[in-house]
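Note sheet for the following structure.
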Amino acid sequence: MTRYRLLAAGAVRAMLLAGGVVGALLPVGAVAQHSTSMPGMAPGMTMPDAAAKKTVKTVKSRPAKAAPAARTSQSGGAVDHSTMDHSAMGHPAPVAPPTPVAPSAMPDAIPGMDHAQMDHSAMPGMAINHSAMDHGAMDHGAMGHAMIVDPAYRAASDAAVAKMPAGSAMAGMAMGTSAGFYSQGSGTSRLPAAEGPMRGYMTQAGEWMLMAHGYAWGVATDQGGPRGKSEAFVQSMAMLMADRDLGDRWHIQLRAMNSLEPLMGARGYTNLFATGELANDRPLVDRQHPHDLFMELAAKVDYRLGNGNTLFLYGGPVGEPALGPSAFMHRGSARYQPMSPITHHWFDSTHITYGVVTAGYATPKFQLEASAFKGREPDEHRWGIEAPRLDSWSVRGTWTPSPFWAVQVSHGRLKEPEAQHPGEDENRSTASVQYARGGLATTFAYSLKDRVPGEKLSAFLAEVNYELTPRHAVFGRLENVANDELFPDHDDPLHDRKFRVTKAEVGYAYRVPIVGPLGLALGGTVAAYAKPAALEAAYGKTPVSWTLFSKLAVGL
Numbered sequence: 395m396t397r398y399r400l401l402a403a404g405a406v407r408a409m410l411l412a413g414g415v416v417g418a419l420l421p422v423g424a425v426a427q428h429s430t431s432m433p434g435m436a437p438g439m440t441m442p443d444a445a446a447k448k449t450v451k452t453v454k455s456r457p458a459k460a461a462p463a464a465r466t467s468q469s470g471g472a473v474d475h476s477t478m479d480h481s482a483m484g485h486p487a488p489v490a491p492p493t494p495v496a497p498s499a500m501p502d503a504i505p506g507m508d509h510a511q512m513d514h515s516a517m518p519g520m521a522i523n524h525s526a527m528d529h530g531a532m533d534h535g536a537m538g539h540a541m542i543v544d545p546a547y548r549a550a551s552d553a554a555v556a557k558m559p560a561g562s563a564m565a566g567m568a569m570g571t572s573a574g575f576y577s578q579g580s581g582t583s584r585l586p587a588a589e590g591p592m593r594g595y596m597t598q599a600g601e602w603m604l605m606a607h608g609y610a611w612g613v614a615t616d617q618g619g620p621r622g623k624s625e626a627f628v629q630s631m632a633m634l635m636a637d638r639d640l641g642d643r644w645h646i647q648l649r650a651m652n653s654l655e656p657l658m659g660a661r662g663y664t665n666l667f668a669t670g671e672l673a674n675d676r677p678l679v680d681r682q683h684p685h686d687l688f689m690e691l692a693a694k695v696d697y698r699l700g701n702g703n704t705l706f707l708y709g710g711p712v713g714e715p716a717l718g719p720s721a722f723m724h725r726g727s728a729r730y731q732p733m734s735p736i737t738h739h740w741f742d743s744t745h746i747t748y749g750v751v752t753a754g755y756a757t758p759k760f761q762l763e764a765s766a767f768k769g770r771e772p773d774e775h776r777w778g779i780e781a782p783r784l785d786s787w788s789v790r791g792t793w794t795p796s797p798f799w800a801v802q803v804s805h806g807r808l809k810e811p812e813a814q815h816p817g818e819d820e821n822r823s824t825a826s827v828q829y830a831r832g833g834l835a836t837t838f839a840y841s842l843k844d845r846v847p848g849e850k851l852s853a854f855l856a857e858v859n860y861e862l863t864p865r866h867a868v869f870g871r872l873e874n875v876a877n878d879e880l881f882p883d884h885d886d887p888l889h890d891r892k893f894r895v896t897k898a899e900v901g902y903a904y905r906v907p908i909v910g911p912l913g914l915a916l917g918g919t920v921a922a923y924a925k926p927a928a929l930e931a932a933y934g935k936t937p938v939s940w941t942l943f944s945k946l947a948v949g950l
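Counted the way the working numbering counts, the sequence shown spans residues 395 to 950.
Now the structure itself:
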């Protein structure tokens, strides 16, 4: 009973700390503006996801000069009302219905008028009904933001927005140069467009479109079996992005991502069958390491070739190379999973890399890229930035044939990635298929780690998250991995032996919108495992784990 009383007390502390962390990391003071209007927009301008407001306009005419031929004598001829000064009579002038004018006729109809130079925000009552506007013909890049212009892709994105908690994302918004043909994942990876727009708070500052996203995640867990522990902890992440065009051809995106997880200590949190990295110079086993304070400090520059095709260069002191699918905390299929995958070091352990340069060619449906980066995983000193080094390489091809699919294959050569395997390089190959539609997001992935010299270790992953309604979501994860790091003690007879382990986890989340994009998810998971009989002495016959969580997020 003492174990559970301590867990309950720790859970309360974790939930309270979650609120404190999100306050420290995220600019939520202004999130309420998200549901009304964007700074820099004309008063009365509605965003694409807002209902158009009906306004009653009173137009005061200017005094008109009457044409002599149109005037009549007071003896009683016909009066031409179009030439009369109604404002001088004390009542408003009649306004004729507007006549549609073809664009080609505009210069002749209004000589010398340059609408691009007009300050519409200075015209009181000038409201714009976006539902009646042809967004496909508009240059949103000149406005500082990009919209999804393809109708099929916009419909797929809107279907996802309909299942999100209210305010989680701005409908129709496309980040960077994607034009909505895919959703942006971690690093330079792609997600299906049908996962919906990137969730978070968006605003405009001059020429820059700014986006903030993040969370503080209080978790209480009981990991089953003799090796399992009961703990409460807080995960956290805050991400800021800034986009703008630099002329007609160039586009730049700046990114910063940080975490306060180093506060939980070098040993991170309990996670049965998870391995990878060191703490206090000892390998972490059945534990997940914390993330570093600096998770990303990078920039991406795109050069538009035309027809939606671009050349791009991405890099920085902290970033993610072109290897594997999008990192788990950025995948829609893992949105409410409170624990890191036990296959993390097979698929996305390079998502925090000190020193990355990636160059690529992108079209709306295909992307080919190559990276140079530092192969060694981050050390246990989580508060600083390690010296960048480019000693490893990778290549990746991604295919996004429709709004619903994203397929990637990648391969990399990593220079001594793991400190507990000195002198061993790694050839890593991955393939993944992601599918999304109407609130459903899935990931299916395979990875092979080939140590040189050493073992070949494979892993499989299947994830699903289904947002049933804006309030309710169910999710699950199935993993199968061959791991030879479960017994790091050289004197243990099972040391360096390879064991194939399976973990199956299911969960539920109840989402509560708070204000704007800020929301709270409350839920829990249950996990069971399959393993060889040789592991029963260490792990028990049928270990079962459970978690409870409270996720406070900007972009729930």
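Backbone N, C-alpha and C fix where the C-beta goes; we use that ideal spot for every residue, glycine too.
From a predicted model like this one, the values you see are computed outputs, not experimental measurements.
- Counting other Cβ atoms within 10 Å of its Cβ, V948 reaches 16 or more and is therefore classed as buried.
- Here N652 is actually not in contact with L699; their C-beta atoms are around 34 Å apart, not less than 8 Å.
- In this chain, V906 is not harboured by any alpha helix (DSSP H); it is covered by the beta strand (DSSP E) spanning 893-909.
- Following the DSSP letters along the chain, one finds R807 inside the beta strand (DSSP E) bounded by residues 799-808.
- Residue environment: N674 is assigned as exposed (fewer than 16 neighbouring CB atoms within 10 Å of its CB, all protein chains considered).
- DSSP, read as helix, strand or coil, puts E812 in coil.
- Separation of Q598 and H889 (C-alpha to C-alpha, rounded to the nearest whole angstrom) is 56 Å.
- When C-alpha distances from G570 are compared across P732, L640, H739, the shortest belongs to L640.
- Residue environment analysis places A931 among the exposed positions, since fewer than 16 neighbouring C-beta atoms fall within 10 angstroms of its C-beta.
- Every beta strand (DSSP E) stretch that sits fully inside the segment 842-874 and reaches 3 residues is listed by chain position as 850-861.
- Counted as a single uninterrupted DSSP element, the stretch harbouring S580 is not any beta strand (DSSP E), since DSSP gives it neither H nor E.
- Rounded to whole angstroms, the gap between the alpha carbons of S720 and A588 is 15 Å.
- For the pair D680 and T941, the Cα-to-Cα distance works out to about 15 Å.
- In this structure, DSSP gives S743 a helical state, which the three-state scheme calls helix.
- Per DSSP, the unbroken beta strand (DSSP E) holding A693 starts and ends at 688-700.
- Of the candidates G579, D885, Y748, K892, the residue whose Cα lies closest to the Cα of E780 is Y748.
- With a 10 Å radius around the Cβ and a threshold of 16 neighbouring Cβ atoms, T737 comes out buried.
- Counting only unbroken stretches of 3 or more residues, the beta strand (DSSP E) elements lying wholly within the segment 544-631 are 595-599, 602-616, in sequence order.
- Taking the Cα positions, T792 is about 22 Å away from W644.
- With respect to the 9 Å criterion, G769 and L808 are classified as neighbours on the basis of their beta carbons.
- Assigned with DSSP and collapsed to three states, S727 falls in helix.
- In the structure shown, the three-state DSSP call for P656 is helix.
- Under DSSP, A921 shares a beta bridge with E899, S939.
- Of the candidates D552, F798, Q647, V938, the residue whose Cα lies closest to the Cα of Y697 is Q647.
- V858 and R638 have their C-alpha atoms some 34 Å from each other.
- If you check the CB distance, R865 and V906 come in under 9 Å.
- The segment 544-552 and the segment 841-851 do not touch, with fewer than 3 CB-CB distances between them shorter than 8 Å.
- Around K945, the same chain offers Y609, W611, A915 as residues with beta carbons nearer than 6 Å, after the five sequence neighbours per side are excluded.
- Between A550 and F798 a beta carbon distance of about 7 Å is seen, short of the 8 Å cut, so the two are scored as contacting.
- Judged by DSSP in its simplified three-state form, H685 adopts coil rather than helix or strand.
- The residue from V789, M592, T615, G619 with its alpha-carbon nearest to that of A606 is M592.
- Each residue's CA atom was taken as its position, placing A692 and P711 some 7 Å apart.
- A Cβ-Cβ separation of about 16 Å leaves T669 out of contact with S939 under the 8 Å criterion.
- Here the C-alpha atom of V920 lies approximately 39 Å from the C-alpha atom of T752.
- In the displayed model, F722 falls within a helix according to three-state DSSP.
- Here A716 carries a coil assignment [DSSP, helix/strand/coil].
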